[in-house]
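Going by this note's numbering, the residue at position 70 of the sequence shown is 91; the numbering climbs one at a time, nothing skipped.
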Amino acid sequence: MIKEFKEFALKGNVLDLAVGVVIGGAFGKIVTSLVNDIITPLIGLLLGKVDFSNLFISLNGSHYATLQDAKAAGAATLNYGLFINSIIDFLIIAFSIFMVIKQLNRFKRRQAEVKPEVTTKECPHCITSIPIKATRCPNCTSMLEGTQPAHS
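Here's what the structure looks like:
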């Protein structure tokens, strides 16, 4: 069972997945920081100095200056500002992944467009595949059209 687990864990796909998850987690932190620390403050500034992290509705009817004050008082809140941050976060990550996939698909298309070199042809007499430079079919021994017989 341990041997089987080692084979599974050390397969290329599993290691690739593990690396992808770790890098994805780090990328997610970078994007979250980008959204929380750069993008939403700029949007908030453009919208009249709005702080998205403090946009909330207190469900108990009381007014609180900040979300932290409401949480300290134990009030239930609808945190729509944090939800807006999460939407922006998601859109940036989705767009980044879209761009990566688009580039990978473009690369795959280019590889598919490269045609492999033709190294065989079909014998017109016995319809078998033979090397392209052959002058006589090795299967049926027929002389191929357009070739001169070899003189010995």
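All C-beta atoms, glycine included, are put in the ideal place defined by N, C-alpha and C.
1. Answer with buried or exposed for F29, where buried requires no fewer than 16 other C-beta atoms within 10 angstroms of its C-beta.
2. Which of the three DSSP states is assigned to K142 in this structure?
3. Going by alpha carbons, who is nearest to P145 out of K136, E138, S163?
4. How is T61 classed by DSSP in three states: helix, strand or coil?
5. Give me the Cα-Cα distance between A47 and T149, rounded to the nearest whole angstrom.
6. Alpha helix (DSSP H) containing I109: first to last residue?
7. For the candidate residues G45, L76, M22, L88, whose alpha-carbon lies nearest to that of V121?
8. Quick one: any contact between the stretch 125-139 and the stretch 71-81, if contact means 3 or more CB pairs under 8 Å?
9. If we count the other Cβ atoms within 10 Å of its Cβ and call it buried at 16 or more, is G102 buried or exposed?
According to the structure data:
1. Reading the sequence shown from its first residue, position 8 is the one you call residue 29. Within 10 angstroms of the beta-carbon of F29 lie fewer than 16 other beta-carbons, which makes it exposed.
2. Taking the sequence shown and counting its residues from 1, the one referred to as residue 142 is at position 121. In the structure shown, K142 sits in a strand (DSSP, three-state: E or B).
3. By 1-based counting over the sequence shown, the position of residue 145 is 124. For P145, the nearest C-alpha among the options comes from S163.
4. As a working note, residue 61 is residue 40 in the sequence shown. Three-state DSSP puts T61 in a helix.
5. Residue 47 sits at position 26 when you count from the first residue of the sequence shown. Residue 149 sits at position 128 when you count from the first residue of the sequence shown. Cα-Cα distance, rounded: 56 Å.
6. Within the sequence shown, numbered from 1, the residue matching residue 109 stands at position 88. 101-134 is the extent of the alpha helix (DSSP H) around I109.
7. By one-based count along the sequence shown, residue 121 stands at place 100. Closest option to V121, Cα to Cα, is G45.
8. no
9. The residue given as residue 102 occupies position 81 in the sequence shown. Burial call: buried.
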